[in-house]
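Chains as they are written, first to last, in my numbering: chain A, 13 to 427; chain B, 3 to 285.
All C-beta atoms, glycine included, are put in the ideal place defined by N, C-alpha and C.
Okay, so here's the structure we're looking at.
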């Protein structure tokens, strides 16, 4: 690709935050900083600071939420940004949308950036839906002329025609969100920066929203930066993905590759979660990659010693959007009984996983059956991946929009 | 070919300090207008008296001031009817006060919006100054009504040609109020103490701004130093002079006030520009 196609260039962006509360120390730091500045010296507090790892306790009051982020975006590209909580996604978005400035580095752009960090920014409950459309549109950078041209479409898209001249304080929260998203959907900036705003409204509206996003990016050739935890949405919208970890770019590449890497890192986190467990030493799966109709087999190995009497185990499987898909437990197997003793192995099998291809993770709870109580809950205890290795034996497959559960079906005609 | 020139804009840690960014403000002029509209439309929603509140406040304040200062404390306002004297002072003072107090919490009040979307931040305080101008217009209208009434009653008040300079007076008030407001709003992001300082500081300032106490009173008591260096006092005295034909106006006072207003305004912009970039991290 030619150099001239680059529409957005991010160079060595870093962002430092001060931890703790602002208090008496602030003035002295400010004065010290100012004193360095007038003597032409570098800010003394820029040198210190540590990488941003939420779970370990640091020694300095300053942390780097972002450290030396650099990447380029070409015109018309749709880029996903993923990362754990606290990896720096939101900070990066804030800097891109000019809500806050970077501590060092620069971002150069050839187009106007509009950001959707939230829908309905600036909505005033006392004003009517129509007035709010104008206000919100203007806040997002549209001119009155642009809004005039699109107002009918916006209202139609929101599905709030009937209430459009009623103050928004009379709206249900869902209606407000629909109206707000409708305004956002008709934004036409050169570069659109989107935070997980898709997770609003009911299922029907979400579908409409994702469809609109796809339209924007496919047909109109818009450049989009899309931050999400929803791997499915990322996969369906973005060909390229950036993964952030502890404030730095961990990997840039094709979405499938990056998401695989992301999940691999999650696996190592399962081990972290298990380390803290009182009862369970190890969880192993017969295989981490399961074909849709194959069996899922989990083996839980108990620790060498524990005092409590435990005889109940529960597993809840979630998809990547943190939505619980199904639950299984020892209490649901009428043939199972007995207490778990140290060094026991507990094996659980499901005959066939009827789940759509994708990644799943599970929480495990251990406790007592009577009375039923959890003594320990391990979130993110293990994960597995479901693939469609020609389940229907004819090269066909289904996608997530068609449902999360897959069955093999038999069809007969006029028997 | 010079590639660097083709960038539309650049996001960097530092702002150009004196950059008013007028081009961008102009691009967002619709937003400015909509904010003004929002302020005006929503101010008195669900009140019975609605915009009448714009009138009630200065009228009642004037009545009370007249009772307390002129009837009870017997302060003389020269040949001007005390009520009109007070009303003139309060009308002008209110505009300055509203500009100052309502812009002084710009960052704090709007952090929800500022934290999510970028637009030139200066739009917010500007919209406050403009929507207050509307309110001032209404209050000025009621002042004119009383003015005409007193003229018919035969009071010795006479406007003069300097009346035509009144827009400059308004501009000075707006610049002073906006400038001070921007300075405080910037500092409030870090040091909340200023919120308290402003709310009672403004109250105290009123007494040395010739709003209800005439200049002659300060002279009698050898306290002119208290008002001589107060630009707001000069503004209010001047506005009273052009409308009622009485007051002590000096050339020094006028130039001093204009100078201070311009200085405060630009200093306000400087501080505001420095703050807007990263206030969201400290607020």
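A contact between stretches requires three or more CB pairs, one per stretch, nearer than 8 Å, and the segment 336-352 of chain A meets this requirement with the segment 362-381 of chain A. Taking all protein chains in view, the Cβ of residue 106 of chain A is crowded by 16 or more other Cβ atoms within 10 Å, so the residue is classified as buried. At a cut-off of 8 Å between beta-carbon atoms, residue 133 of chain A makes contact with chain B. Residue 165 of chain B is not bridged by DSSP to any residue. Within the segment 96-128 of chain B, the residues whose Cβ lies closer than 8 Å to any Cβ of chain A are, in chain order, 114, 115, 116, 117, 118, 119, 120, 121. Setting aside the 5 residues that flank it on each side, residue 210 of chain B is surrounded in the same chain by 228, 229, 232, each with a C-beta closer than 6 Å to its C-beta; the list follows chain order. Its Cα nearest to that of residue 219 of chain A, the residue A/412 stands out among A/144, A/412, A/17. Look at the segment 292-332 of chain A and you find these whole runs of beta strand (DSSP E), each 3 residues long or longer: 292-297, 301-303, 308-314, 324-331. Taking all protein chains in view, the Cβ of residue 184 of chain A is surrounded by fewer than 16 other Cβ atoms within 10 Å, so the residue is classified as exposed.
When CB distances to chain B are screened at a threshold of 7 Å, not a single residue of the segment 270-302 of chain A falls below it. Between residue 409 of chain A and residue 243 of chain A, the CB-CB gap reaches or exceeds 8 Å. Counting along the chain, residue 360 of chain A sits inside no alpha helix (DSSP H); it lies in the beta strand (DSSP E) bounded by residues 357-362. Excluding residues up to 5 positions away in sequence, 329 lie with their Cβ nearer than 7 Å to the Cβ of residue 338 of chain A in the same chain. The C-alpha of residue 362 of chain A lies about 13 Å from the C-alpha of residue 299 of chain A. DSSP, reduced to helix, strand and coil, places residue 229 of chain B within a helical segment of the structure shown. By the criterion of a C-beta distance shorter than 8 Å, residue 278 of chain A is surrounded in its chain by 373, 392, 395, once the five residues flanking it on both sides are discounted. Residue 214 of chain B and residue 71 of chain B do touch by the CB rule: their CB atoms are close to 5 Å apart, below 8 Å. Taken through DSSP and simplified to helix, strand or coil, residue 208 of chain A comes out as coil. Sequence-distant Cβ neighbours of residue 127 of chain A in its own chain, meaning closer than 6 Å and more than five residues away, are 109, 205. DSSP places residue 282 of chain A within a helical segment (H, G or I) once states are collapsed to three. Contact between residue 177 of chain B and residue 266 of chain B holds: CB atoms are separated by about 7 Å, below the 8 Å threshold. At least one CB of chain A lies nearer than 8 Å to the CB of residue 43 of chain B. Annotation for residue 149 of chain A: 159, 195 place their beta carbon closer than 6 Å to its own, counting only its chain and skipping 5 residues before and after. Residue 385 of chain A is bridged by DSSP to A/380. Between the segment 153-172 of chain A and the segment 42-53 of chain A, the count of C-beta pairs closer than 8 Å stays below three; the two stretches do not touch. Fewer than three pairs of CB atoms, one per stretch, sit closer than 8 Å, so the segment 127-146 of chain B makes no contact with the segment 172-188 of chain A. Of all residues in the segment 98-112 of chain A, only 106, 107, 108, 109, 110, 111, 112 place a beta-carbon less than 9 Å from a beta-carbon of chain B.
Excluding its 5 nearest sequence neighbours in each direction, residue 419 of chain A has C-beta neighbours in its own chain below 8 Å: 366, listed in chain order. In the three-state DSSP reduction, residue 154 of chain A falls in the coil class, being neither helix nor strand.
Between residue 116 of chain A and residue 9 of chain B, the gap from beta carbon to beta carbon reaches 8 Å or more.
One finds 113, 114, 115, 116 in chain A with Cβ atoms closer than 7 Å to the Cβ of residue 15 of chain B, taken in chain order. Looking at the DSSP output, residue 140 of chain A shares a beta bridge with A/179.
In the three-state reduction of the DSSP assignment, residue 394 of chain A falls in the strand class. For residue 239 of chain B, same chain residues with a beta-carbon under 7 Å away, outside a window of 5 residues either side, are 212, 217, 249, 250, 251 in chain order.
Contact of residue 339 of chain A with chain B is not assigned, every C-beta pair being separated by 8 Å or more.
Taking a C-beta distance under 8 Å as the contact criterion, residue 141 of chain A and residue 163 of chain A do not qualify as a contact pair.
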